[in-house]
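Those protein sequence lines, which keep their order, are chains A and B. Letter 445 of the first sequence, counting from 1, is numbered 445 in our numbering, and no numbers are missing. To convert, take the position in the second sequence, counting from 1, and add 1000; that gives our numbering.
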Amino acid sequence: MGKLLIVSVGLLVVFTAWLLYGPFGDGEPPKLPDFYWGPKTKENQKEDTTIRPFKINIDEKILADLKTRLKLELSPEGNRLTPPLEGIGFEYGFNTKFLKTVTTHWLEKYDWRAREKLLNKYPQFKTSINGIDIHFQHVKSQSKKQYKQTRPLLLLHGWPGSFFEFQKVIPLLTDPVDSDTNFELLIPSLPGYGFSERSHRPGLGAVEMAQLFLKFMQRLGHEKFYIQGGDWGSLIGTHMAALYPEHVVALHLNMCTSSHPRAHLRILIASLYPSLFMNEVDIPKHYPLSNLITKLLEELGYFHIQATKPDTVGVALSNSPSGLAAYIIEKFSTWTNMEWRKKENGGLIPYYQLDELLDNVMIYWVSNSITSSTRLYSETLTKREFAWDLDRVPVRIPVGCLSVASDFASMSEFHVKDKFHQLISYTRSNKGGHFAAFEIPEIFAKDVLNFINLLEQKAKPRTSEL
Amino acid sequence: MIGKVFIVSIFGTSVLIGWILHGPLGDKDPPTLPDFYWGSTDRKIQKEDRSIRSFKINIDEKILTDLKTRLKIELSADRLTVPLEGIHFQYGFNTITLKKFTNHWLDNYDWRIREKTLNKYPQFKTLISGLDIHFQHVKGQSKKQYKQTRPLLLLHGWPGSFIEFQKVIPLLTDPVDSDTNFELVIPSLPGFGFSERPPRPGFGPVEAAQLFLKLMKRLGHNKFYVQGGDWGSLIVTNMAALYPEHVMAVHVNLCMSSHSRTHMRHLIGAIYPTLFLSEKDVARLYPLSKYFSNLLEESGYFHIQATKPDTVGAGLSNSPSGLLAYIMEKFSTGTNPSWKTKEDGGLIPYYNKDDLLDNIMIYWVTNTITSSMRFYAEVFTLRTLGYKMDNVPVKVPAGCLYLPYEISGHTDFHIQDKYHQLLSFSRENKGGHFAAFEVPDIFSKDLLKFFNLVENNSTIHKFTE
């Protein structure tokens, strides 16, 4: 009997060790080479390190061409949209009846020049990093209010979003009302998105973008900084935190996920008896697993085609404004609230303003970046990218999570513990979906401020430099 | 003591195996289907129009003008993103090659001439279950005498159309070395080309099987043969499983089975593949990791069409370049997956540009890309899965043409759980997914071989009764 006990304990120890140090174990951050993403012909030129002011000023030809295409698509002879099936809202995708409402507004009411002015409100710049021009907003405090410390904060968007998502939170973060800390904001467009140049060669995935954005922050004179991200921004920010803990002081995410091998284990094990492991509130979001898997299957078609054939699907999206609007705005419906799939207008009106939704679509259209934006998926889901093995590298710096009401990609506190070793803040909001900064800017900003102020107070008293 | 344990174990294991083989892995009976109706309710109130109306393709000039306008815009205000350095078709349709096709489409492709050729054989339309179904109906042209003339239904899939069969028509209506010739019925699937689309959800591969039985009956054929590839393969297989008293034999060029025992054979075979399969066959199915990663790489379109057809359909309905890239990519990868490494995707000069464009035009002029993709969304529903058709065996004679570059790698070893009378399984060394279109000689030769085999087998032949 005693022998049995000793052997059992021994096996348990071996198993735990294997779990923690074997295939499910943590890893070390890899050393990344210095990447170059520009055209081959310019590869040996010295990098231009200037930071050039930029204002969006779209060539009139592009706007005229857009109007021509919209007119054609909306004309009685040129109307080629198939009516929805009887009784169907958004269950088969973007409802074409409602799509006509969107594109009609786009053609007849949407005023790009007026919106362009708004998008140019804050200072923008471009600078070349790793051979490609990166567009960004750089916003400092506008008021005369005194703050204890002003910290650089990198805000990273995802797909199908853009820098536009952060416009409402900018003043809430540069000039917060109830905070010791305020922020100097850096809001870039990801490479291949909007006004940032795309890579000319294969290989620019999320890990490579992490290096690019470290260099970006360093170019702007920041060796230490905070990061906030959602969607791809969450993944890139997490990679930066794992790779460069000496530079990233803290990380805030509104899409908290982990691909650590033990996260998958946690997801499976907790499914056996969720209430034993998890906060009650979190359970219905992830269990039963069959529900989650069904949801993922239903919603990841775009992910699958973009991860494999971005150039194919990109052709129609680059050429048809209706096509691009449907493809992008569908996500603003389903990823804000999955229940909206039952509605003919996808729940979009009056929850969102058509002008705002179209601002985002326009950023893709006028810069013609939909194809390059989707390539991020095919660059990240490759053997090459998996070989960095960054998923198992833990993030040891402080992390704060904002868990919104409905983001099917988010994970619970229990699931992400292996990845985020210092998860010092996990906020559950009963509002909001995937595009948190855009949809619930006050809640978003408040959570970022709370998290950072918590850290600033915890920090040992020292000079105002990080 | 040991004896009792042994006996109980054997008994228990037998019960378990029996349950597995007859329960989840067992054959199922065909479901009884209600009489489906897809038309509008006021149409139903009227007496159903059973007329078979002559049809000729004659596209309104406005549609052709609109197409030219869009092509001109797309080619002049070029919004295509160039491929990444060193990349050809690995990320999808190469935009440099795309421009070659769209330029040809605008400058050289002559629809009116192509239309004439497409109208070569007699076409008709008739209302089945409330939907107007387009089809070609072709009989022997020559004066040659055949022992028997059999009705044969040919079903296409996605992103194909009835045009895939044009080259095999004469080879089947007037074969050179055959006792049997065929009276061909070549429809367009509902929602594809000139066939009306279902107006409400629910039209999947089982509903299609019933619809095409009704079509054959409408044409006076109570007994007939069926042949299909892609979705056509699934639909004719369903027909054979559901209606063995009507479907005398079934031929497919997509050798595949979703019977649960087939999956078992595929998975368990991984333990020792060469025990059951030849080296060549093994290479197509194993290792499982490679098989599934290839499948994942090529099934993005399937996934998005099965979930959001209306979303992706919006752009494809409006952009000719977009539609061309989306459909023609399949003619590259579906013909030979290794062509991804070629800048032209292997398409030029393997295929004739005009032949490829004919197929694109069928989708464009009828504006059916969205409705065609909805078929995928109707396949993976609780309703379709509820029919449990996968495990309903096909008991009538079956034949399969197994081409080297077809997507499925299932061999006769795998599909025998589905096709209980697999009389013919032909391994050829040329051809891919679009068999009738790409290798019409191999295709028709195999059909003739199979159906003559059926005709000459006196024990199973039941056409005359």
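Glycine is no exception: its CB is placed at the ideal position from the N, C-alpha and C atoms. Bear in mind that the values here come from a model prediction, so they are computed numbers and not experimental data.
Contact of Phe94(A) with chain B by beta-carbon distance below 7 Å involves Asp1310, Thr1311, Ala1314. The criterion of a C-beta distance shorter than 8 Å is not satisfied by Gly1140(B) and Phe1162(B).
Between the region 1340–1347 of chain B and the region 262–277 of chain A there are fewer than three C-beta pairs closer than 8 Å, too few to call the two in contact.
With respect to chain B, the C-beta atom of Asn319(A) has a partner C-beta closer than 8 Å. Annotation: the region 1113–1169 of chain B contains the following complete segments of the beta strand (DSSP E) (minimum length 3 residues), in chain order: 1123–1128, 1131–1138, 1148–1155.
Val1250(B) sits in a strand when the DSSP states are folded into three classes. For the 8 Å CB-CB criterion, Asp355(A) and Arg115(A) form a contact. Chain order gives the chain B residues near Gly314(A) as Thr1081, where near means a beta carbon separation below 7 Å. Cβ neighbours of Gly346(A) within its own chain (closer than 6 Å, five residues either side excluded): Phe90, Ser333, Trp340.
Per DSSP, reduced to three states, the secondary structure at Asp1230(B) is coil, with no helix or strand assignment. In the structure shown, the three-state DSSP call for Tyr1243(B) is coil. Closer than 8 Å to the CB of Asp311(A) there is at least one CB belonging to chain B.
Within the DSSP secondary-structure output, Cys1255(B) pairs in no beta bridge. Glu47(A) and Glu330(A) have their C-alpha atoms spaced approximately 39 Å apart. Taken through DSSP and simplified to helix, strand or coil, His1303(B) comes out as helix. Annotation: Gly1334(B) to Ile1442(B) spans about 17 Å, alpha carbon to alpha carbon. For Glu1085(B), the neighbours in chain A by C-beta distance under 7 Å run, in chain order, Lys40, His200, Arg201. Taking a cut-off of 8 Å on C-beta distances, the region 25–41 of chain A does not touch the region 269–279 of chain A, as fewer than three cross pairs fall below it. Between Val1379(B) and Gly1204(B), the C-beta gap is smaller than 8 Å, which places the two residues in contact. Here Ala210(A) carries a helix assignment [DSSP, helix/strand/coil]. What Ser128(A) touches in chain B, judged by beta-carbon distance under 8 Å, is nothing: the nearest beta carbon there is about 18 Å away. Residue range 248–253 is occupied by the beta strand (DSSP E) that includes Leu253(A). Each residue's CA atom was taken as its position, placing Asp1060(B) and Lys446(A) some 60 Å apart. Listed in chain order, the positions of the region 94–110 of chain A with a beta carbon within less than 9 Å of a beta carbon of chain B are Phe94, Asn95, Thr96, Leu99. Selection Asp311(A), Glu413(A), Ile363(A), Cys256(A) evaluated against Ala325(A) yields Ile363(A) as nearest (Cα-Cα).
DSSP, reduced to helix, strand and coil, places Pro171(A) within a helical segment of the structure shown. Contact between the region 364–374 of chain A and the region 393–408 of chain A is absent: fewer than 3 CB-CB pairs across the two stretches fall below 8 Å.
Under the Cβ distance rule, His260(A) does not count among the residues neighbouring chain B, no pair being separated by less than 8 Å.
Where His1420(B) is concerned, the enclosing beta strand (DSSP E) starts and stops at 1419–1427. Residue pairing from DSSP leaves Cys256(A) without any beta-bridge partner. Counting only runs that start and end inside the region 117–204 of chain A, the alpha helix (DSSP H) elements of at least 4 residues fall at 170–174. For Val361(A), the closest of Met240(A), Ser318(A), Val249(A) by C-alpha to C-alpha distance is Ser318(A). Against Ile1007(B), chain A offers no close residue; the least beta-carbon distance is about 30 Å (beta-carbon pairs closer than 8 Å). Counting only Cβ-Cβ distances below 8 Å, Glu298(A) has contacts in chain B at Thr1307, in chain order. The beta carbon of Thr1237(B) is closer than 7 Å to those of Val1250, Val1252, Val1394 in its chain, skipping five residues each way along the sequence.
Fewer than three pairs of CB atoms, one per stretch, sit closer than 8 Å, so the region 1055–1072 of chain B makes no contact with the region 1307–1314 of chain B.
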